[in-house]
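J.: Going by our numbering, the first residue of the sequence shown is number -13, and it counts up by one from there.
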Amino acid sequence: KMRSVAFDSFLRIIKPKKNGHKPFRFKDSMLNAAKILDIKSRYFCIEHTPLPLKKSIFENYFAENNEILLHNIQYKFRNKNQFNPQALFYLLALQQGKCWIEKENKLVFIKPANKNEKYIERKINFFKRNKNIIFGCAESIDQTAQNTQNKLFNWIISLLKIEWKTK
C-alpha cells in the first residue's frame, strides 16, 4: 500500500528511544528507499507477503548506481542508513509502469506478542470474514503466552488439516 513520506518521516522523528537509541524498523528502511529516489509524497510500503522481483530492474538501476548498492551491503547488521531493496524495486517498477498496486487486502498479519487470546480470536474472525486473504504472516509467536500460542497453532493446523500436538 502507499503511505505518506511526510507523515511517516514525522513518526520516525518522534519515535521514542529504546536502550538509548531509536529503533530502526522495517518501515524505516522503506522510507530510505524513497529518499534514494527523491520521492517526497508517497512511497510503496511492502506488506508481509511474498512479492515477485524482476532481476533486470535491479540490474539496470545498480549498473548506473553501483555506489548505492555497495553502501547498502557494507553493514554486517541492520543499520539506519540502509534501504529495503524490495521497496526500492517496487518504487522503480511503479515509476517505470512495470507493476501496479493491488487495492484489495490479501494478508492477515498476526503479531501476538504481549497480547491475549482475544487478539488471536479477532484475527481468526478477520480471516473468516475476508475470503480474499491468500497470505498470512505470524511474528514473535515465541513472545506470547502458551495458551495464546496453542490457540494460534491449533487454528493454523486446522487450516492446513495436519496432525500436530501442542503443549
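For glycine and all other residues, C-beta sits at the position ideal for the given N, C-alpha and C.
1) What is the DSSP secondary structure of residue 7, reduced to helix, strand or coil?
2) Is the separation between the beta-carbon of residue -5 and that of residue 17 shorter than 8 Å?
3) Rounded to whole angstroms, what is the Cα-Cα separation between residue -1 and residue 38?
4) In the DSSP output, which residue or residues are listed as bridge partners for residue 143?
5) Ends of the beta strand (DSSP E) at residue -4?
6) Cα-Cα, which of 8, 2, 21 and 35 is closest to residue -13?
7) Would you check if there are 3 or more beta carbon pairs closer than 8 Å linking the stretch 94 to 111 to the stretch 136 to 149?
8) In the DSSP assignment, what residue or residues form a beta bridge with residue 122?
9) With a CB to CB cut of under 6 Å and the five nearest residues on each side skipped, what residues in its chain are close to residue 144?
10) Buried or exposed: where does residue 74 fall if 16 or more other Cβ atoms within 10 Å of its Cβ makes it buried?
11) How would you label residue 128, buried or exposed, when you count the other beta carbons within 10 angstroms and need 16 or more for buried?
12) Can you give the Cα-Cα distance for residue 77 and residue 106, rounded to whole angstroms?
13) Could you tell me which of 104, 6, 79 and 134 sits nearest to residue 43, measuring between CA atoms?
14) Count the other CB atoms within 10 Å of the CB of residue 29; is the residue buried (16 or more) or exposed (fewer)?
15) Taking the alpha-carbon positions, what's the residue 54 to residue 115 distance?
16) The alpha helix (DSSP H) spanning residue 28 covers which residue range?
17) Residue 69 and residue 15 look like a contact to me (Cβ under 8 Å); what is the Cβ gap, rounded to whole Å?
T.: If we stick to the structure as given:
1) Taking the sequence shown and counting its residues from 1, the one referred to as residue 7 is at position 21. Three-state DSSP puts residue 7 in a strand.
2) Locating residue -5 in the sequence shown gives position 9, where the first residue counts as 1. Locating residue 17 in the sequence shown gives position 31, where the first residue counts as 1. Against a cut-off of 8 Å, the Cβ pair of residue 17 and residue -5 comes out as a contact.
3) Here residue -1 refers to the residue found at position 13 when the sequence shown is read from its first residue. Here residue 38 refers to the residue found at position 52 when the sequence shown is read from its first residue. Between residue -1 and residue 38, the C-alpha separation is close to 32 Å.
4) Residue 143 sits at position 157 when you count from the first residue of the sequence shown. Answer is none; residue 143 lacks a bridge partner.
5) Residue mapping note: residue -4 aligns to position 10 of the sequence shown, counting from 1. First-last for residue -4: -9 to 0, but that is the alpha helix (DSSP H), not the beta strand (DSSP E).
6) In the sequence shown, the residue the question calls residue -13 occupies position 1. For the residues 8, 2, 21 and 35, the minimum Cα distance to residue -13 belongs to 35.
7) yes
8) For the purposes of this step, residue 122 is taken as the residue at position 136 of the sequence shown. According to DSSP, which records beta bridges pairwise, residue 122 is partnered with 94.
9) Counted from its first residue, the sequence shown places residue 144 at position 158. Contacts found: none.
10) The sequence position of residue 74 within the sequence shown is 88, counting from 1. Buried.
11) For the purposes of this step, residue 128 is taken as the residue at position 142 of the sequence shown. Answer is exposed; the Cβ neighbour count stays below 16.
12) For the purposes of this step, residue 77 is identified with residue 91 of the sequence shown, where counting begins at 1. For the purposes of this step, residue 106 is identified with residue 120 of the sequence shown, where counting begins at 1. C-alpha separation (whole angstroms): 33 Å.
13) Indexing the sequence shown from 1 puts residue 43 at position 57. It is 79.
14) By one-based count along the sequence shown, residue 29 stands at place 43. Label assigned to residue 29: buried.
15) The residue given as residue 54 occupies position 68 in the sequence shown. The residue given as residue 115 occupies position 129 in the sequence shown. Computed Cα separation, rounded: 43 Å.
16) Residue mapping note: residue 28 aligns to position 42 of the sequence shown, counting from 1. Unbroken run through residue 28 is the beta strand (DSSP E), 28 to 30; no alpha helix (DSSP H).
17) Translated into the one-based positions of the sequence shown, residue 69 becomes position 83. Translated into the one-based positions of the sequence shown, residue 15 becomes position 29. Yes, they are in contact, since the Cβ atoms of residue 69 and residue 15 sit about 6 Å apart, within 8 Å.
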